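In the order they appear, the protein sequences are chains V and C. When the letters of the first sequence are read in order and numbered with this note's numbering, they come out as residues 82 to 228. When the letters of the second sequence are read in order and numbered with this note's numbering, they come out as residues 12 to 329. Every residue, glycine too, gets a C-beta built ideally from N, C-alpha and C. Note that this is a predicted model, so its numbers are computed, not measured.
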Amino acid sequence: MSQGIRWTEFKPYEKNLVKVLGDLEADVLEALWKLKVAHVRDIHREVARKRKVAVTTVATVLDRLFEKGLVERELKRTRGLYYEYRPSLTKRQFESTIVRDVLKGLFETFGDAAVSYLINQVGIKDEQKIEEFKVYLEKLKQEEESS
Amino acid sequence: MTNSILILITPYLYATLLSLIMSVAVIIGLKLVHKQAYKIRTMMLVAPLMGSVTIMVGVSSLCLIHWLFMNHPNPGHAVCDQISPESVRFICTSLVTLAFASLGSAVSVGIITYYLGDKIAIHLFHAKTLNQSEEKEIYKTLNRLSRKAGVRPPKLFLIERSMPMIFTVGKRNSATIMVSVGLLENLSSKELEASLAHEISHIKNNDGLIRTLAFSLKLATPFNLLGYLIEPAIYREREFLADEASVALTNEPSALISALIKISEAFAVKTKRGFFYGLAIGFFLESPLRSGLFNKHPPLEERLNRLLQLKKSRERRQ
Numbered sequence: 082m083s084q085g086i087r088w089t090e091f092k093p094y095e096k097n098l099v100k101v102l103g104d105l106e107a108d109v110l111e112a113l114w115k116l117k118v119a120h121v122r123d124i125h126r127e128v129a130r131k132r133k134v135a136v137t138t139v140a141t142v143l144d145r146l147f148e149k150g151l152v153e154r155e156l157k158r159t160r161g162l163y164y165e166y167r168p169s170l171t172k173r174q175f176e177s178t179i180v181r182d183v184l185k186g187l188f189e190t191f192g193d194a195a196v197s198y199l200i201n202q203v204g205i206k207d208e209q210k211i212e213e214f215k216v217y218l219e220k221l222k223q224e225e226e227s228s
Numbered sequence: 012m013t014n015s016i017l018i019l020i021t022p023y024l025y026a027t028l029l030s031l032i033m034s035v036a037v038i039i040g041l042k043l044v045h046k047q048a049y050k051i052r053t054m055m056l057v058a059p060l061m062g063s064v065t066i067m068v069g070v071s072s073l074c075l076i077h078w079l080f081m082n083h084p085n086p087g088h089a090v091c092d093q094i095s096p097e098s099v100r101f102i103c104t105s106l107v108t109l110a111f112a113s114l115g116s117a118v119s120v121g122i123i124t125y126y127l128g129d130k131i132a133i134h135l136f137h138a139k140t141l142n143q144s145e146e147k148e149i150y151k152t153l154n155r156l157s158r159k160a161g162v163r164p165p166k167l168f169l170i171e172r173s174m175p176m177i178f179t180v181g182k183r184n185s186a187t188i189m190v191s192v193g194l195l196e197n198l199s200s201k202e203l204e205a206s207l208a209h210e211i212s213h214i215k216n217n218d219g220l221i222r223t224l225a226f227s228l229k230l231a232t233p234f235n236l237l238g239y240l241i242e243p244a245i246y247r248e249r250e251f252l253a254d255e256a257s258v259a260l261t262n263e264p265s266a267l268i269s270a271l272i273k274i275s276e277a278f279a280v281k282t283k284r285g286f287f288y289g290l291a292i293g294f295f296l297e298s299p300l301r302s303g304l305f306n307k308h309p310p311l312e313e314r315l316n317r318l319l320q321l322k323k324s325r326e327r328r329q
């Protein structure tokens with residue numbers, strides 16, 4: 082698992098972000114990526130376009146996303162206390178982190194099967210790409226040995 | 012031999028039976044007492060727990076005396092002549108130890124939760140004092156409600172969580188109300204006032220002490236299985252009372268109703284059953300993890316129904 086973000090499950094047969102997040106968590110995070118910086122009410126307004134949900138339910142979900150390291154929040158004091166939320170990672174960063182973590186996990190545990198799948202099913206025929214994979218696997222092995 | 016052991020344990024079996032009968036009588040008796048006679052109802056619920064403790068102490072003392080005088084000739088108990096002194100010593104010692112261990116743990120847990128509960132909660136939630144000069148409005152409301160309720164204004168601590176949370180810890184004269192950022196940003200000022208009034212009513216009604224007492228008494232009598240039903244029943248009674256007292260303080264039943272709905276909606280999502288989640292739920296709302304009888308908060312529906320009735324009767328009076 083990568084540093085910073087703490088996601089705990091991978092559901093290969095789910096769609097989109099629900100593969101790695103809860104249903105509502107995915108919607109809230111998508112909304113936050115769209116808004117960039119937002120108050121819980123703005124996020125709720127955005128999520129409510131897709132589904133019926135209460136503001137405080139969104140607040141609980143934001144707590145979870147914060148605990149997972151996907152959301153940052155800053156305490157503001159203008160006109161009462163409130164949080165200003167922003168995503169910790171961009172959508173692209175988030176996706177590459179997930180791919181890295183999942184692939185790393187697969188290579189660590191099912192190295193041979195993973196490589197043969199990539200070569201035979203995905204169709205990586207490029208010699209150079211295969212070389213890159215070998216280097217990557219070596220690096221993983223070394224990391225494992227040193228740890 | 013088995014027979015003799017059974018006779019020795021008999022006092023404990025009688026004690027258990029007596030406690031259970033007492034508890035059943037009270038649970039049935041509660042149906043006859045008016046729902047709003049909170050004082051009587053709480054006393055009725057505490058009574059069987061107190062009774063169980065008295066029975067347990069009595070039986071254990073008898074056992075202890077029996078054991079102390081066992082070495083004297085003619086101890087006056089036919090059974091003890093039939094079984095070896097070692098067996099008598101073993102049975103009596105274990106029974107007395109059990110009694111004193113549960114009593115001791117109940118007293119120490121009671122003292123710790125009553126005197127250090129606020130410090131433990133502040134530490135667990137990493138709570139910080141809510142700045143009085145920056146949060147004038149909420150302190151103004153708090154002081155006004157405390158004055159009206161006739162209690163010393165409690166301290167206010169802030170929990171850095173997005174979900175709405177509010178609960179009270181500590182003794183009556185130095186109570187602490189903990190609120191989360193999520194509560195302050197999601198509740199309207201009237202809803203916040205109603206929730207604060209609910210917590211201040213807990214302080215006024217000395218619910219911290221009653222909760223500790225109920226919990227300790229349950230712990231002191233592990234053999235009274237009905238204690239596990241009676242303790243949460245006491246909490247539920249106190250919740251209804253705090254709801255009513257809150258309305259009496261603010262005259263705003265609708266605000267408390269909407270505050271309760273908003274807070275309950277925070278738990279609509281399937282959240283991780285973390286420690287904080289458990290605590291938060293345990294303090295303010297019914298727990299979906301327990302079934303009704305073991306729940307420390309009354310079902311939301313019943314709370315709302317009672318508040319709606321209260322609202323109607325108030326409107327009729329005006």
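In this structure, DSSP gives I86 of chain V a state outside helix and strand, which the three-state scheme calls coil. Residue range 166-170 is occupied by the beta strand (DSSP E) that includes L169 of chain C. Chain V has no Cβ within less than 8 Å of the Cβ of S98 of chain C. In this structure, the straight-line span from the alpha carbon of K323 of chain C to that of F251 of chain C is close to 17 Å.
By the Cβ rule, the stretch 168-178 of chain C counts as touching the stretch 192-199 of chain C, because three or more pairs are nearer than 8 Å. Assigned with DSSP and collapsed to three states, F234 of chain C falls in coil, not helix or strand. With respect to chain V, the C-beta atom of N197 of chain C has a partner C-beta closer than 8 Å. Under the three-state reduction of DSSP output, T159 of chain V falls in the coil class, being neither helix nor strand. Against chain V, a Cβ distance below 8 Å from S265 of chain C picks out nothing, because the smallest value is about 18 Å.
Around the beta carbon of A186 of chain C, a 10 Å sphere encloses 16 or more other beta carbons of the protein chains shown; the residue is thus reported as buried.
DSSP, read as helix, strand or coil, puts E153 of chain V in strand.
Excluding five sequence positions before and after L315 of chain C, the CB atoms of its chain that fall closer than 7 Å to its own CB belong to I268, L271, given in chain order. Boundaries of the beta strand (DSSP E) harbouring F178 of chain C: 177-180, taken from the DSSP string. Taking all protein chains in view, the Cβ of G115 of chain C is surrounded by fewer than 16 other Cβ atoms within 10 Å, so the residue is classified as exposed. Looking at the DSSP output, M174 of chain C shares a beta bridge with no other residue. By the criterion of a C-beta distance shorter than 8 Å, K159 of chain C is surrounded in its chain by L260, once the five residues flanking it on both sides are discounted. With 16 or more neighbouring CB atoms inside 10 Å of its own CB, H209 of chain C falls in the buried class. A residue is called buried when at least 16 other Cβ atoms come within 10 angstroms of its Cβ; E248 of chain C meets this threshold and is buried. Annotation: the continuous beta strand (DSSP E) that includes T187 of chain C extends over 187-191. Within the DSSP bridge table, the entry for P168 of chain V names V:V152 as partners. A Cβ-Cβ separation of about 5 Å places K157 of chain V in contact with E165 of chain V under the 8 Å criterion.
Contact annotation for G128 of chain C against chain V: no contact, minimum CB-CB distance about 24 Å [criterion: below 9 Å].
When Cβ-Cβ separations below 8 Å define contact, D108 of chain V makes no contact with chain C.
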